[in-house]
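As structure tokens, the structure follows; a few thoughts come after it.
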Amino acid sequence: MVKKTGILLIILVFLTNVSAMFLLMTLSNYIEMKRIKNYNSKVVYYENAGEYSLTDDYDGEESNFGDFMNDPDSMKILMKTYRKIKNIKHITYMEVSNQDLEYEGRFKLSRNFISGNDERSRNQKIKGEFITPLKSIQCDRLFFKIKGVEKSDLVTGKMPADKKYSSDMTIPVLVGNAYEHKFRIGEEFTAYYATEKIRFKVSGILKKSKKISFLGHKMNLDEYIVLPVISPGRKDSLMYKKILMSIKCEGCIKYNSKEQYIESVQAIKRIVKETGFRYNVPRIPLENKSMLGWNYKASKALFFAALLSFVIFSGSLIRGTVNRIKSRVDVRWKQFVCVTAVFSFIAGLAIILNLILFYAHFEVITSGISRFLSIVLLPVGIEYYLVLRKRWYE
């Protein structure tokens with residue numbers, strides 16, 4: 064019987080070592096694939112074809128976009144950035160923005176026309192004027208062409224002329240079909256666009272339910288005002304010129320393949336390096352495939368299978384070892400061996416669980432209070448119950 068027990072323990076030692084090796088191998092593989100999956104979840108990328116918007120990265124703990132705009136070199140940086148992004152070969156850059164158009168005068172239509180559908184924004188009295196932010200989209204002729212907005216989409220009127228517009232001009236706009244009873248063709252109104260008051264003229268009225276796809280979503284233009292891109296004019300203040308240029312630099316890039324997406328991201332990285340303008344550089348998706356050829360689900364299943372086998376074999380080994388030494392050593396040594404075995408086992412599992420939950424390395428895990436509680440205090444509590452209260456070693 065004793066001999067059989069010894070052979071069984073030897074087998075358990077072998078199986079525990081094998082399962083431990085397999086566990087370490089699958090653990091590192093699983094953590095890496097989990098990291099890649101988490102990284103890819105933040106990538107704004109659509110398979111085969113899509114588009115993404117460019118945004119700045121100036122708002123942080125130590126600085127904000129206002130600091131950049133007050134920089135004496137910011138206008139030069141913006142102009143250089145715009146020239147470069149417009150001249151990227153093989154990349155489709157569209158000037159497009161959702162900057163609110165702040166209508167001047169009493170606005171009586173439903174809140175569906177108001178930016179954010181916020182009734183509280185209606186007819187705010189600012190410096191003696193009634194102001195209401197309306198849904199609008201500003202875009203260049205290329206955006207119209209790609210999205211399929213053309214003269215045949217108008218109930219009446221005409222498309223804005225394909226030319227450069229500045230704030231000292233009367234800007235032609237298209238209005239959604241729901242505005243049909245609010246505006247007439249040729250009617251003019253004033254609105255604030257990015258801090259400055261500009262005069263607008265209704266050029267055309269869109270057909271009902273005219274929709275466009277934009278950044279992965281369908282937009283119904285019925286309650287929108289669509290205007291051409293406004294460029295800095297000679298009479299504009301330097302700050303307003305900077306604001307308009309920043310809008311022109313934060314447009315949208317369209318791609319038709321993964322290769323084109325990667326090429327565009329690399330181009331943005333070059334522009335950041337060459338101009339100093341801080342874009343939020345899009346991420347390039349990583350291939351989520353392990354070194355052993357497993358996909359994420361297979362890696363996850365194999366890891367938990369290895370973890371379960373390690374728990375079973377090592378638990379059986381600990382139990383068998385404790386039973387063997389019960390009759391051979393005194394009580395103090397029994398307590399010591401039992402405490403060491405149980406603590407090592409539970410602490411090891413706690414470290415593994417922390418790795419899974421926090422995707423961190425051992426140095427990071429052992430530094431935080433929550434990690435300390437789970438790795439040290441939890442095993443101590445379990446040991447106290449098993450050893451001192453239940454006297455498991457007896």
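With the numbering used here applied, the sequence shown covers 64 to 457. Cβ atoms here follow ideal geometry from the backbone N, Cα and C, with glycine treated the same way. None of the values given here were measured: they were computed from a predicted structure.
Host beta strand (DSSP E) of residue i (start-end)
i	result
T155	T155 to M157
G220	L217 to G220
M132	It is not in any beta strand (DSSP E) - M132 instead sits in the alpha helix (DSSP H) that spans F128 to M132.
N283	H280 to N283
K188	Q187 to I189
E192	E192 to L197
Three-state secondary structure (DSSP) of residue i
i	result
R297	coil
T144	helix
I428	Confidence is the limiting factor: at I428 the pLDDT is only 41, short of 50, which leaves the residue's position unreliable and the question unanswerable from this model.
G267	strand
V238	strand
F170	coil
V289	strand
A254	strand
S272	coil
Q329	helix
L117	coil
F435	Confidence in F435 is poor, its pLDDT being 48 and thus under 50, which makes the residue's placement unreliable; the coordinate value appears in the next sentence. Note: F435 maps to helix in three-state DSSP.
S160	strand
I347	coil
S320	coil
R262	strand
S362	helix
E125	coil
F277	strand
E165	strand
I200	strand
I306	helix
I248	coil
I151	coil
Residue i versus residue j - alpha carbon distance
i	j	result
L370	I288	59 angstroms
K273	K363	46 angstroms
E114	K332	17 angstroms
P135	M232	28 angstroms
G211	I200	15 angstroms
K152	G129	31 angstroms
D299	N343	28 angstroms
F193	A224	30 angstroms
E182	D216	30 angstroms
I334	F340	8 angstroms
G191	A254	14 angstroms
G239	E313	24 angstroms
I347	F277	20 angstroms
M222	E213	7 angstroms
G179	M282	14 angstroms
L307	P295	6 angstroms
S230	K198	19 angstroms
G378	R98	30 angstroms
Y256	T195	12 angstroms
N175	E337	43 angstroms
R297	I189	27 angstroms
C202	I148	16 angstroms
K260	H280	30 angstroms
L365	Y324	34 angstroms
K311	M302	14 angstroms
A330	K100	25 angstroms
K360	A368	12 angstroms
T258	I275	28 angstroms
I177	E167	13 angstroms
S116	P345	9 angstroms
Residue i and residue j closer than 8 angstroms at C-beta
i	j	result
T118	I316	no
L269	V236	no
I234	P291	yes
N150	R169	no
M138	K304	yes
L172	K271	no
M157	F85	no
Y318	S309	no
M228	I293	For the sequence presented, residue 228 should be read as Tyr rather than Met. In contact: Y228 and I293 (Cβ atoms closer than 8 angstroms).
Host alpha helix (DSSP H) of residue i (start-end)
i	result
L205	R204 to K210
C-beta neighbour in chain B for residue i, strict 8 angstroms
i	result
F246	Any reference to chain B falls outside this structure, which holds one protein chain only.
Check whether the segment 123–142 and the segment 270–286 touch, using three or more Cβ-Cβ pairs below 8 angstroms as the test.
When C-beta atoms of the segment 123–142 are compared with those of the segment 270–286, fewer than three pairs fall below 8 angstroms, so the two segments do not count as touching.
Taking contact to mean 3 or more Cβ pairs, one atom from each stretch, closer than 8 angstroms, check whether the segment 130–144 and the segment 152–162 are in contact.
Contact fails between the segment 130–144 and the segment 152–162, because fewer than three Cβ pairs, one in each stretch, are under 8 angstroms apart.
Take every Cβ of the segment 260–268, pair it with every Cβ of the segment 243–251, and state whether three or more of those distances are shorter than 8 angstroms.
Judged by Cβ distances under 8 angstroms, the segment 260–268 makes contact with the segment 243–251, as three or more pairs qualify.
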